[in-house]
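Sequential numbering from 36 applies to the sequence shown in my numbering. Glycine included, each C-beta is placed from N, C-alpha and C at the ideal position.
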Amino acid sequence: MSASALHELEGLIGAGQVLRGDACARYETDERGLFHGRALAVLRPGSVAEVAALVRCCVSHGIGIVPHGGNTGYCGGATADASGTQAVVSLERLNRVLTVDADAHTMSVQAGVTLAAAQQAASEHGRLLPLAMGSQGSCQIGGNLSTNAGGLAVLKYGTMRDLTLGLEVVLPDGRVLDRLSSLRKDNTGYDLKQLFIGAEGSLGIITAAVLKLFPAAPRNCAWVSITAADAALPLLAALRELSGDAVTSFEYMSDAALALVVETTPEQRLPLSAAHHVLVEMLGKDDEDVLERALSTAAERGLLQDVVVAQSENQRRQLWRLRESIPPAEKRLGGSVKHDVSVPLAEVAAYIERARMAVLARWPRVRLSVYGHVGDGNVHFNVLAPLDEGAEDFKRRHGDAVSDVLHSLAHAMRGSFSAEHGVGVLKRGLLERYGDPVALAVMRQLKATLDPLNLMNPGKLLLPEGPAR
Ligand SMILES: Cc1cc2nc3c(=O)[nH]c(=O)nc-3n(C[C@H](O)[C@H](O)[C@H](O)COP(=O)(O)OP(=O)(O)OC[C@H]3O[C@@H](n4cnc5c(N)ncnc54)[C@H](O)[C@@H]3O)c2cc1C
């Protein structure tokens with residue numbers, strides 16, 4: 036960066052908010068430690084006006100901009116490249132909850148508010164912000180929007196896209212697009228906010244949003260064992276029907292995934308011993324009865340093996356802790372070759388079985404960690420190194436081939452190689468390989484129209500030129 040650009044940026048947002056050198060370190064590596072970049076500077080604006088001003092300044096100096104939220108993304112989208120020429124723009128100082136309107140069931144928040152803080156603000160008004168995930172203490176609303184995050188309650192409430200009423204975005208030319216509307220109905224042309232949701236910062240910087248809220252209600256959950264993965268869907272269908280569609284979460288876990296949790300945190304105990312487990316949660320006024328009644332009818336119909344209903348909030352948290360401990364357990368054991376595929380609901384069990392057979396046929400000694408939001412058709416099919424092989428070595432030598440097997444199978448079953456984690460840098464090649472050519476061409480046209488200089492998160496989501504294999 037020329038000294039004059041740096042000086043100009045300091046003048047715009049304050050010298051203390053332009054970080055350089057070692058102060059940038061924590062913004063230069065992603066959560067999984069897969070991506071390491073070198074930032075020219077980290078910019079920490081404190082208002083939408085400052086974001087707009089710094090974008091205009093960066094553009095006038097030809098500086099690439101990398102929007103950076105809570106840095107929990109799995110695809111390297113928030114990490115600068117290694118050139119040392121890109122500015123990371125952290126939204127962490129835009130961290131105010133602006134309003135909560137309990138009667139209208141809406142809240143407006145700045146983009147740097149963490150998901151947990153937004154949930155808490157809603158809950159203080161007796162309302163529920165249903166987006167929930169293991170990273171909620173760190174991830175930010177802006178990052179959730181930019182990845183169209185899914186998480187643990189999509190089944191009932193949808194993804195971030197479904198929860199969004201309005202957005203404010205700084206465009207790549209520094210203009211502010213003010214669509215910070217709380218209207219539930221507004222058919223006045225293109226719904227522009229949708230362009231920025233899931234765009235991974237490639238079309239602009241989200242600075243604020245209006246989100247939908249729901250009445251807060253008690254949560255009740257149960258741990259259920261089933262005889263096979265293909266018993267999950269009929270069980271889910273029955274529970275939805277029997278509960279008046281009160282099921283909010285339906286999380287599948289294989290015994291092998293849970294074995295990793297017990298291995299790494301032996302103080303945790305599985306409530307049931309079985310090959311296939313499901314965590315079911317329902318919300319609602321007298322949910323406890325609804326949950327127990329629905330489960331007992333499902334048991335009479337032979338749809339489940341065994342069940343443990345959480346009898347207290349503490350037990351409910353313990354059950355969820357088991358589920359949420361799977362990713363950290365994999366990490367403690369050296370990490371896995373991770374996959375985030377989705378397939379049509381009716382194909383989930385077939386995908387799990389075919390994937391298992393295909394992987395074990397080629398790598399018979401690997402450990403499999405299979406779990407996911409199967410109520411949404413979303414399977415995390417993660418592959419860990421054999422016990423006698425180093426994790427890094429295995430991932431380096433076999434990671435691509437393992438992923439190839441699993442992604443091509445998902446594609447063959449009309450599924451997606453990225454259900455909820457996005458594309459970032461990690462999956463750009465997959466988007467080229469599996470994406471519809473017309474859709475890719477339209478994405479490139481949109482990118483070129485809004486960001487003709489390719490300075491907004493360059494190199495993320497779309498490969499700069501044509502297909503790469
Ligand atoms: C333990 C764990 C559990 C997880 N569970 C889930 C899960 O259940 N479901 C799920 O969907 N994901 C999950 N994730 C992934 C991750 O938490 C989500 O993708 C999250 O939405 C990312 O938010 P963030 O603020 O950390 O974004 P970052 O990682 O900072 O950025 C992600 C992308 O968004 C862009 N971006 C960030 N902020 C903005 C902004 N204000 N404007 C424009 N672009 C921006 C970045 O440039 C980048 O491309 C999990 C991650 C972890 C570590």
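Nearest CA to the CA of residue i: which residue from the options?
i    : options                   : result
S451 : E382, R400 and Q340       : E382
V148 : N489, V132 and L163       : V132
V124 : Q480, I240, D471 and T64  : I240
Q121 : G105, D138 and H96        : H96
A333 : V315, L277, R351 and R304 : L277
G161 : N183, G185, D136 and A244 : D136
G410 : K191, W355, E45 and A156  : K191
G99  : G111, L295, V473 and A115 : A115
T194 : P499, A454 and K495       : A454
G236 : L180, V325 and A243       : L180
R91  : A40, S217, H415 and G186  : A40
F249 : R67, L163 and G209        : L163
D439 : V376, L422, N492 and R367 : V376
L295 : L215, L314, Y386 and Y406 : Y406
E63  : A117, T299, M142 and R328 : A117
G46  : E66, P80, L69 and R67     : P80
V189 : G412, P472 and Q52        : G412
V344 : P362, P487, K366 and L314 : L314
N349 : A309, R254, S158 and A291 : R254
I48  : H71, R128 and V94         : R128
T141 : R196, L338 and L200       : L200
L126 : E424, G119, A113 and E388 : A113
T182 : I232, S143, V77 and L198  : I232
S404 : L293, K495 and V473       : L293
G72  : Q52, G51 and V101         : V101
A87  : K373, G119 and E203       : E203
A267 : L75, R432, A384 and L465  : A384
Residue i: buried (16+ other C-beta within 10 angstroms of its C-beta) or exposed?
i    : result
P165 : buried
A60  : exposed
E427 : exposed
K220 : exposed
P399 : exposed
E335 : exposed
G501 : Confidence at G501 is low in this model, with a pLDDT of 46, below 50, so its placement is unreliable and no value can be given for it.
N492 : buried
T242 : buried
D65  : buried
A503 : Model confidence at A503 stands at a pLDDT of 39, short of 50, so the residue's coordinates are unreliable and nothing is read from them.
E85  : buried
N417 : buried
S308 : exposed
L238 : buried
Q145 : buried
Q171 : buried
L218 : exposed
L497 : buried
T283 : buried
S82  : exposed
K316 : The amino acid occupying residue 316 in the given sequence is Glu; Lys does not appear at that position. Label assigned to E316: buried.
Strictly by DSSP, which residues pair up with residue i?
i    : result
V259 : V313 and V342
N505 : The structure shown does not extend to residue 505, since the chain spans only 36 to 504, so no value can be given for it.
V132 : V144
G201 : V245
R162 : P250
H71  : T64
D318 : The question names Asp, but residue 318 is Leu in the sequence shown. The partner list for L318 (beta bridge, DSSP) reads R254.
A122 : A76 and I100
D208 : In DSSP, D208 forms no bridge with anything.
R214 : L202
G54  : A quick correction: the sequence has Leu, not Gly, at residue 54. DSSP, once it has assigned bridges, lists V77 as partnering L54.
D375 : S453
Q175 : T149
V282 : M317
I240 : V205
Would residue i count as contacting chain D if we go by Cβ distances under 9 angstroms?
i    : result
P207 : The chain labelled as chain D is not found in the depicted structure, where only one protein chain is given.
Are there three or more Cβ pairs, one per stretch, closer than 8 angstroms when the region 438-448 is compared with the region 54-70? With fewer than three CB-CB distances shorter than 8 angstroms, the region 438-448 does not count as touching the region 54-70.
So does the region 168-178 actually touch the region 263-276, counting three or more Cβ pairs closer than 8 angstroms? no
Would you say the region 246-261 touches the region 347-356, given that touching needs at least three Cβ pairs under 8 angstroms? yes
Check whether the region 101-118 touches the region 472-490, counting contact only when three or more Cβ pairs, one atom from each stretch, lie closer than 8 angstroms. Pairwise C-beta distances place the region 101-118 out of contact with the region 472-490, as fewer than three of them are shorter than 8 angstroms.
Would you check if the region 456-465 and the region 382-392 touch, i.e. whether three or more CB-CB distances between them fall below 8 angstroms? No, the region 382-392 does not touch the region 456-465.
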